[in-house]
Amino acid sequence: MRHYLMVRPAYFDVAYSINPWMDPGKPTDAGLAVAQWDWLRDLYLDLGHRVDLLDPVPGLPDMVYAANGATVVDGRVLVARFRHRQRRGESVAYLKWFAGHGYRDVRQARWANEGEGDFLVAGPRILAGSGFRTDPRAHAEAAAFFGLPVVGLTLTDPRYYHLDTALAVLADDVIVYAPEAFSEDSRRRLEQLYPDAVVASAADTAVFGLNAVSDGRHVILPQAATRLMAQLRERGFEPIGADLSELLKGGGSVKCCTLELRHGGEEH
Ligand code: ARG
15 MRHYLMVRPA YFDVAYSINP WMDPGKPTDA GLAVAQWDWL RDLYLDLGHR
65 VDLLDPVPGL PDMVYAANGA TVVDGRVLVA RFRHRQRRGE SVAYLKWFAG
115 HGYRDVRQAR WANEGEGDFL VAGPRILAGS GFRTDPRAHA EAAAFFGLPV
165 VGLTLTDPRY YHLDTALAVL ADDVIVYAPE AFSEDSRRRL EQLYPDAVVA
215 SAADTAVFGL NAVSDGRHVI LPQAATRLMA QLRERGFEPI GADLSELLKG
265 GGSVKCCTLE LRHGGEEH
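Numbering (the numbering used here), first residue to last: 15 to 282.
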């Protein structure tokens with residue numbers, strides 16, 4: 015069983031553009047965004063997971079992308095420091111939520127980092143992106159705060175501006191990624207660390223197929239990533255396709271909407 019934190023997109027909108035997917039000229043439909051998001055939350059519950067909710071705040075239309083709010087490992091919470099001023103107000107809501115829900119070691123990051131957008135926990139280590147959002151100095155900060163080794167990876171394609179748009183952790187030692195989204199050094203590092211990784215096609219990456227959530231068995235991912243679904247089945251995972259077309263207009267999908275709460279021994 016996994017424990018997730020989500021934010022209902024009641025105030026969803028694309029009111030500004032901070033990534034190449036966002037076009038404020040295109041109409042959005044907050045009602046449809048809520049319906050698609052409800053489907054995802056219900057799916058997690060049906061799969062036996064626990065979902066907690068953080069209340070959306072008017073004027074913060076990107077709040078639905080809960081993965082960006084914090085990184086939580088062993089009950090320790092490193093709250094995000096957003097790169098863009100449009101999202102900075104979100105940190106306050108996360109600081110309050112965690113403090114009010116029994117988490118004791120809660121701190122806002124000193125260096126820009128956008129939570130699980132760029133920090134992906136993979137078993138004994140954290141894979142950490144930079145290049146567009148997260149300050150590389152945030153990597154050492156996270157290593158010290160969590161007491162875990164952090165592997166820094168450089169993103170080079172503006173369409174894949176967060177690590178969770180170019181790489182997904184399927185199990186502690188199994189990842190899927192899009193090599194073309196990374197610098198040559200980072201590609202080499204990933205090949206070394208994960209010789210058996212699933213390599214995604216450019217077509218599946220372009221429909222946000224890598225923005226996936228795995229519970230170790232089921233992998234929930236954008237339904238348009240059909241080839242990736244077949245690859246996952248071959249590896250023994252059960253892919254489940256999701257339609258989050260509204261949320262894609264903001265440059266996010268399944269993983270962006272899902273913050274995993276990993277607590278060590280204590281219950282919350
Ligand atoms: N519009 C949001 C932004 O640009 C989308 C964030 C997507 N989240 C993610 N985990 N990749 O910040």
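Where is the CB? At the ideal position from N, CA and C, for every residue including glycine. This structure is a prediction, so every number in the text was calculated from the model and none was measured.
Check                                                                                                                        : Outcome
Beta bridge counterpart(s) of Glu274 as assigned by DSSP                                                                     : Tyr18
Continuous beta strand (DSSP E) assignments of at least 3 residues falling wholly in the segment 170-207                     : 181-185, 188-191
Candidates Val135, Arg95, Asp69: closest to Gly166 by CA position                                                            : Val135
C-beta contact flag for Gly320 and Asn82 at 8 Å                                                                              : The requested residue 320 is not part of the displayed model; the chain covers only 15 to 282.
Option in Pro253, Thr179, Glu205, Ala244 with minimal Cα separation from Val221                                              : Thr179
Range covered by the beta strand (DSSP E) that runs through Phe133                                                           : 133-136
Environment of Met15 [buried if 16+ CB atoms lie within 10 Å]                                                                : exposed
Proximity to Ala94 [Cα-Cα], best of Gly45, Gly62, Asp132                                                                     : Asp132
Beta-carbon gap between Leu57 and Ile234 smaller than 8 Å                                                                    : yes
Best match in Leu261, Phe251, Ala216 for proximity to Ala239 [C-alpha to C-alpha]                                            : Ala216
Per-residue DSSP class, three states only, for Val165                                                                        : strand
Helix, strand or coil at Val71 [DSSP, three-state]                                                                           : coil
Sufficient close CB pairs (3 or more, under 8 Å) joining the segment 160-175 to the segment 137-151                          : yes
Cross-strand partners of Phe85 (DSSP beta bridge)                                                                            : Just to set this straight, residue 85 is Thr in the shown sequence, not Phe. According to DSSP, Thr85 bridges with Leu92.
Beta-carbon spacing of Val212, Arg247 below 8 Å                                                                              : no
Ala126 to Asp171 span [Cα, whole Å]                                                                                          : 19 Å
Residue burial classification, Glu205 (beta-carbon count within 10 angstroms, cutoff 16)                                     : exposed
The segment 94-108 in contact with the segment 34-51 per 3-pair CB rule at 8 Å                                               : no
When Pro236, His232, Phe251 are compared against Asn225, the one with the closest alpha-carbon                               : Pro236
Rounded Cβ spacing between Met20 and Cys271 (contact assumed at less than 8 Å)                                               : 6 Å
Chain-order list of residues whose beta-carbon lies under 6 Å from that of Met243 (same chain, five-residue window excluded) : Pro253
Contact test: Asn33 Cβ vs the ligand ARG heavy atom, cutoff 7 Å                                                              : yes
Reduced DSSP category for Ser144 - H, G, I as helix; E, B as strand; rest coil                                               : strand
Delimiting residues of the beta strand (DSSP E) encompassing Glu252                                                          : 252-256
Contact test: His153 Cβ vs the ligand ARG heavy atom, cutoff 7 Å                                                             : no
Buried or exposed (CB count within 10 angstroms, at least 16 for buried), Val91                                              : buried
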